[in-house]
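Contents: one structure, followed by commentary.
Protein chains in written order, with the numbering used here: chain L, 1 to 172; chain F, 1001 to 1427.
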């Protein structure tokens, strides 16, 4: 994939899904990134998987990032891979923390199941249409989304017999 | 978000544990009398793990069984989640390497390599060929160690205790080599941004060649022990088969995918770190059952031995780390004579190096599949975000399709064949 190829992909997505679906393209360190609008991310991926002349049949990774202080803050990355053309492209979308809702792509790529749950767990992005949108790594009753940049890095007190009575919400 | 959080913890737990087997009860006919038997409609939900030796760590499997048949299986993870990705955001790049090695604790060289390569991509830093070769040697040795440990524990799961001792005995030889080159047996932190920490010591090559010479006979011993073992064959052959299309949908890579017949290996497909220089083959299976996975892994050990031998033969002379003093520490002897080296040393140790803003995703082939490092930089000395696409995390989703409809006993074999390392799953 080169910069020209990325523009061609972007143009085909615009033609197939809609003009406002592509927000921007960037080609950085020989890696292609296609930023799309959050509402159309599922349509774009469906187009790229099924209808594009260069199909991307494998979703190798889905992960999030918090771009604080940039707005919109939360980014969701879809790393697509073509095993035939030996090529990769990063489809990315950005949503704000006020209404972090993105359509789920689990029906297109079943591998997104756990990965979308991880992004929900860590960043609070809700994937609409995911059948089991629960926390996956953090405890079920955990408050907050720890990978957000405004979530403090810091230890939680370790429970020992000497401090178990002092720790809140634990003893008595 | 409200509806997700609305139900209480117990309600949500119950909603995923209680399930029905479908509307039609299964009714048999008594052969003697011709009367209908009682409908066998009873489901039982049992917890497998989290503390169970066969779950390879703390993996909890919520298993619904009907008699001996598994009707539903849900992996529940997160018991060893330690927030390594979050901790990395508070560490300088060269200190974060120590953290990422502890994710997948059986393939630490790969975690470090993926992270270093992602940072090198952002820095546009050229790694010297000797460093690339040393990385290949250590990564392939690590692949051997990881596969040996897999064979050891997977065989232990179905009762072959001898294999555990043999596998661990031979893995120890690899760990001895790691100790020689870096001083540590596990979590060596040998890879640096820009190269490797140190050149290999005298004697390392001889010891490695001894290992390469000894290993094929050991692999033959494993084959003699397992290949015609009645129990091993009957537990492994024909169990846990998943069609290759479904594996691809689930994002499964590595030996699991290759055992199903898809020769996808990033070392061949998209070579990195000089893998294009080496002559090796990609073992593939035909059926895609647990036995094929065992054969593929065993064959991969032999191929890795070939790669290590070729890398030792062709190991070029030259520096083992980049000469860019902004990234790598200057050699110790320069500090006594060069003011500039002292300043570089001081800057690197106190502040670390700055990485241009941007983001990069670098995938490599770990023993378990595609291990991708996604590193985002904001121009500072610490990673803005470091995410690892761990193959164990993704491959674990294949648990349910492997086990559902099979026997309870086959769940253990299926889990073992996935080779999940919970440190990598939970990170």
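All C-beta atoms in this analysis are idealised placements derived from N, C-alpha and C, irrespective of residue type, glycine included.
* Run of the beta strand (DSSP E) containing residue 1066 of chain F, from where it starts to where it stops -> 1060-1066
* Mapping DSSP to helix, strand and coil, what is residue 1184 of chain F? -> coil
* Express the C-alpha separation of residue 56 of chain L and residue 1225 of chain F in angstroms, rounding to a whole number. => 43 angstroms
* To do: Kindly indicate which three-state DSSP category residue 47 of chain L falls into: helix, strand or coil?
  => Three-state DSSP puts residue 47 of chain L in a helix.
* Asked: If you compare alpha carbons, which of F/1272, F/1190, F/1108, F/1323 is closest to residue 1362 of chain F?
  -> Comparing Cα-Cα distances from residue 1362 of chain F to each of F/1272, F/1190, F/1108, F/1323, the minimum goes to F/1272.
* Asked: Is it the case that the Cβ atoms of residue 49 of chain L and residue 16 of chain L are separated by a distance below 9 angstroms?
  -> no
* Consult DSSP for residue 1051 of chain F and reduce its assignment to one of helix, strand or coil. => strand
* To do: Output yes or no for whether 9 angstroms exceeds the beta carbon distance between residue 1325 of chain F and residue 1083 of chain F.
  => The answer is no: Cβ separation not under 9 angstroms.
* To do: Please confirm if residue 1310 of chain F has its CB atom under 9 angstroms from at least one CB of chain L.
  => no
* Asked: Under a Cβ-count criterion, where at least 16 other Cβ atoms within 10 Å of its own Cβ denotes burial, should residue 1249 of chain F be classed as buried or exposed?
  -> buried
* **Partner residues on chain F for residue 163 of chain L, Cβ-Cβ distance less than 8 angstroms** => The contacting residues do not exist; residue 163 of chain L stays about 20 angstroms from chain F at best.
* Give the straight-line distance between the Cα atoms of residue 1 of chain L and residue 30 of chain L, rounded to the nearest whole angstrom. => 8 angstroms
* So which residues of chain L does residue 1264 of chain F contact, with C-beta pairs closer than 7 angstroms? -> Chain-ordered, the chain L residues with CB closer than 7 angstroms to the CB of residue 1264 of chain F read 83.
* Asked: Going by Cα to Cα distance, which pick from L/90, L/120, L/142 is closest to residue 82 of chain L?
  -> L/90
* Asked: Does the beta-carbon distance from residue 97 of chain L to residue 72 of chain L come in below 9 angstroms?
  -> yes
* Asked: Are there three or more Cβ pairs, one per stretch, closer than 8 angstroms when the region 1401-1409 of chain F is compared with the region 1065-1075 of chain F?
  -> yes
* Coil, strand or helix - residue 1193 of chain F by DSSP -> It is coil, neither helix nor strand.
* **Endpoints, beta strand (DSSP E) assigned at residue 65 of chain L** => 58-66
* To do: Measure the Cβ-Cβ separation of residue 1134 of chain F and residue 1200 of chain F and say whether it is below 9 angstroms.
  => yes
* Asked: Of all the options F/1354, F/1387, F/1307, F/1244, which has the alpha carbon lying nearest to the alpha carbon of residue 1401 of chain F?
  -> F/1244
* Asked: Terminal residues of the continuous alpha helix (DSSP H) containing residue 1397 of chain F?
  -> For residue 1397 of chain F, no alpha helix (DSSP H) segment is defined, and its DSSP state is neither H nor E.
* Note down, in chain order, each residue of its chain lying with its Cβ closer than 7 angstroms to the Cβ of residue 1052 of chain F, except the 5 sequence neighbours on either side. => A distance below 7 angstroms between beta-carbons, with the five flanking residues on each side excluded, links residue 1052 of chain F to no residue of its chain.
* Taking only beta carbons into account, state which residues of the region 1386-1403 of chain F come closer than 8 angstroms to chain L, listed in chain order. => 1387, 1389, 1393, 1394, 1396, 1397
* List, in order along the chain, the chain L residues whose C-beta lies closer than 8 angstroms to that of residue 1081 of chain F? -> 137, 138
* Asked: Taking three-plus beta-carbon pairs below 8 angstroms as touching, is the region 1276-1289 of chain F in contact with the region 1309-1317 of chain F?
  -> yes
* Asked: What did DSSP end up calling residue 79 of chain L once you bin it into helix, strand or coil?
  -> strand
* To do: Using a Cβ-Cβ cut-off of 9 angstroms, state whether residue 58 of chain L counts as contacting chain F.
  => yes
* Asked: Three or more C-beta pairs closer than 8 angstroms, one from the region 1317-1324 of chain F and one from the region 1282-1295 of chain F: is that the case here?
  -> no
* To do: Verify the CB distance criterion: does residue 72 of chain L have a CB-CB separation below 9 angstroms to chain F?
  => no
* To do: Identify which residue in F/1194, F/1232, F/1165 has its Cα closest to the Cα of residue 1119 of chain F.
  => Nearest option by C-alpha distance: F/1194.
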